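Following: one structure in structure tokens, then a few remarks.
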Amino acid sequence: MNEEAFLKKFKDLSELKLRLGWGITGQQDIQQGDYPYMSFWRYGQGGAMYPIYDESGNVKWVNVVSPSASSPDLKWEQTTTYNVGIDYGFFNNRINGSADFYIRDTKDLINAEVNVPAGTDFAEYVVANIGSLKNTGFEFAINAKPIVSSTWNWDLGFNVAWNKTEITKLDYNDNSDSPGKRFESTGGDGGKTIKIHSVGYAPGTYYVFEQVYDKNGNPMEGVYVDRNGDGEVTEKDLYQYHKPTADVIMGFNSKVSYKNWDFGFNGRASIGNYNYNGIAANAAIGTSAIFSNSALSNQPKAAFRTNFQERQRQSDYYIQNASFLKIDNITLGYSFENFLQGAKYHGLSGRLYATVQNPITITPYDGLDPEVDGGMDRQVYPRPISVLFGVNINF
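Be aware that the sequence shown starts at 0, since it is given in numbering that gives the first Met the number 0, and climbs by one per residue.
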């Protein structure tokens, strides 16, 4: 577009491209064998056989065969994508980047582990289409070279992405009293399901009780809001509350070089993601523990923040803001050449460097690490801070 007559007067505009896209893609990678929509007859396990007796009492052993589980109505999962974007550049592309807006509608979502009622099929699970999903998002990226000279150079990069995911249709629900499909255990003895797939919400939204607090702002043990107003607190008072995925993610990097020296770092940020703090939720003082100093000293600190005597795993108190800002690595390096150069030897070239990995994490989250798989913080090994020294040599 920058070659168009009406844009040529903008001399600093070095690139401008408009992109429009539309397409439909299919998903059939279900990793559950070939032809899951068909039923196959197979011999029983371990050479199982069934005896058949004639009128004379003679027996004939016949191999046992049974049909495999199938899903005859199975369809391809289809995603329709609408996209509009631009690529831009200024000052001979010293500043450049892109911006994209997209909508993705996915229908006939495939799930490889859909429960079936006992006796209705020859397996506990079948592959089936379970619903529809909509993604709306915006992405922006910019790269810049603020300084370019014979001795100094500086490169900068930044990107940000916003995404909203919503379940628009859900065909599968194994509990008519629940507004969706519940899953993911809280862990520990007597664990409860803590997530749910519900229409109108993001996949895997937390499904918890609304905690009641005293006048000092402390959570009251076992006291929750009666959300449906029926006079008692039951599982019908559970509600959808936050989600493990972020609303906004960002990435950034910087590298400065001066003659033979270079210094750079990379970082990330995540905003709007929440974790279930399973470590804290599975901690409680216990009535007997108050008489034992050793038992008290071995309790996680989270137990003393609430003073709960019993675990309250389904409280929304344990759904905690896990937004974070992280510096993934910082590197300082020195490059050299013609080292030990002589009349008959061209010398060595290479680079010395020192790198610190995972040095900085800023987060309001109470757990060890805000970045956990699926938002479930249950005995996750924390990422260490490490320091590396290295040298690259070219002979």
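Where is the CB? At the ideal position from N, CA and C, for every residue including glycine. Here the structure is a predicted model, which is why all the values come from computation and not from measurement.
Using the Cβ count rule (16 or more neighbours within 10 Å means buried), how would you classify residue i?
i, result
"Leu17", "exposed"
"Glu400", "The question about residue 400 has no answer here: the residues shown for the chain are numbered 0 through 394."
"Glu183", "buried"
"Met375", "buried"
"Ser197", "buried"
"Phe307", "buried"
"Lys180", "buried"
"Pro50", "exposed"
"Ala340", "Sequence inspection shows Gln at residue 340; the Ala mentioned does not correspond to that position. The residue is exposed, with fewer than 16 neighbouring Cβ atoms inside 10 Å."
"Gln319", "buried"
For residue i, which three-state DSSP category applies?
i, result
"Glu370", "coil"
"Ala279", "helix"
"Lys59", "strand"
"Asn235", "Looking at the sequence shown, residue 235 is not Asn but Lys. Here Lys235 sits in helix by DSSP."
"Gln210", "strand"
"Thr244", "coil"
"Tyr364", "coil"
"Asp315", "helix"
"Arg377", "coil"
"Gln44", "helix"
"Arg350", "strand"
"Thr24", "strand"
"Asn93", "The residue asked about is misnamed: residue 93 is Arg in this sequence, not Asn. In this structure, Arg93 counts as coil in the three-state DSSP scheme."
"Arg304", "helix"
"Gln340", "coil"
"Ser131", "strand"
"Glu309", "coil"
"Val190", "The sequence given here places Gly at residue 190; Val does not occur at that position. It is coil, neither helix nor strand."
"Glu54", "coil"
"Lys258", "coil"
"Ile384", "coil"
"Asp104", "strand"
"Lys74", "coil"
By how many angstroms is the C-alpha of residue j removed from the C-alpha of residue i?
i, j, result
"Glu138", "Lys235", "39 Å"
"Gln378", "Gly22", "42 Å"
"Trp151", "Val83", "37 Å"
"Gln44", "Val64", "9 Å"
"Asn328", "Tyr257", "20 Å"
"Ser177", "Thr192", "12 Å"
"Ser38", "Pro202", "31 Å"
"Asp107", "Ile195", "19 Å"
"Asn92", "Asp86", "11 Å"
"Ala283", "Glu309", "6 Å"
"Leu367", "Pro381", "6 Å"
"Asp11", "Val371", "44 Å"
"Ile94", "Leu15", "12 Å"
"Gln359", "Ala321", "The sequence given here has Ile at residue 359, not Gln. Distance between the alpha carbons of Ile359 and Ala321 is about 15 Å."
"Asn391", "Ile384", "23 Å"
"Asn393", "Tyr317", "54 Å"
"Asn227", "Ala68", "40 Å"
"Asn259", "Tyr344", "22 Å"
"Ala342", "Tyr352", "29 Å"
"Gly373", "Leu324", "18 Å"
"Glu125", "Asn276", "The amino acid at residue 125 is misidentified as Glu; the sequence shows Val. Rounded to whole angstroms, Val125 to Asn276 spans 32 Å at the Cα level."
"Asp53", "Ala47", "20 Å"
"Met249", "Val355", "21 Å"
"Tyr42", "Val159", "55 Å"
"Ala279", "Gly230", "29 Å"
"Phe290", "Asn215", "Confidence in Phe290 is poor, its pLDDT being 46 and thus under 50, which makes the residue's placement unreliable; the coordinate value appears in the next sentence. Their backbone Cα atoms lie some 26 Å apart in a straight line."
"Asn357", "Asn110", "36 Å"
"Lys7", "Gly156", "27 Å"
"Ser35", "Leu169", "Note on identity: in this sequence residue 35 is Pro, with Ser being the wrong assignment. If you take the alpha carbons of Pro35 and Leu169, they lie about 21 Å apart."
"Leu387", "Thr330", "9 Å"
"Val61", "Ser55", "17 Å"
"Val58", "Trp40", "24 Å"
"Gly20", "Gly346", "53 Å"
"Thr78", "Trp153", "41 Å"
"Lys242", "Lys144", "37 Å"
"Thr24", "Phe9", "39 Å"
What is the C-beta distance between residue i and residue j, in whole angstroms, given that I count them as a contact (C-beta under 8 Å)?
i, j, result
"Ile141", "Gly96", "4 Å"
"Glu209", "Tyr223", "6 Å"
"Asn272", "Arg312", "Not quite, the Cβ-Cβ distance comes to about 20 Å (not below 8 Å), so this is no contact."
"Gly332", "Arg350", "5 Å"
"Tyr364", "Asn217", "Actually they are not in contact, since the Cβ atoms of Tyr364 and Asn217 sit about 20 Å apart, beyond 8 Å."
"Tyr171", "Gly221", "32 Å between Cβ atoms; not a contact."
"Ser314", "Val232", "11 Å between Cβ atoms; not a contact."
Verify the contact flag: residue i, CB atom, against every heavy atom of the ligand COA, threshold strictly below 6 Å.
i, result
"Asn328", "The ligand COA is not among the ligands present in this structure, which contains no ligands whatsoever."
At a Cβ threshold of 7 Å, is residue i touching chain B?
i, result
"Ile326", "Absence of chain B from the displayed structure is noted, only one protein chain being present."
Segment contact, 8 Å Cβ cut-off, at least three pairs: the stretch 67–75 with the stretch 85–103 = no
Please confirm if the stretch 259–266 is in contact with the stretch 226–243, defined as three or more CB-CB distances below 8 Å between the two stretches.
-> no
Are the stretch 126–135 and the stretch 151–165 touching, with three or more C-beta to C-beta distances below 8 Å?
-> Yes, the stretch 126–135 is in contact with the stretch 151–165.
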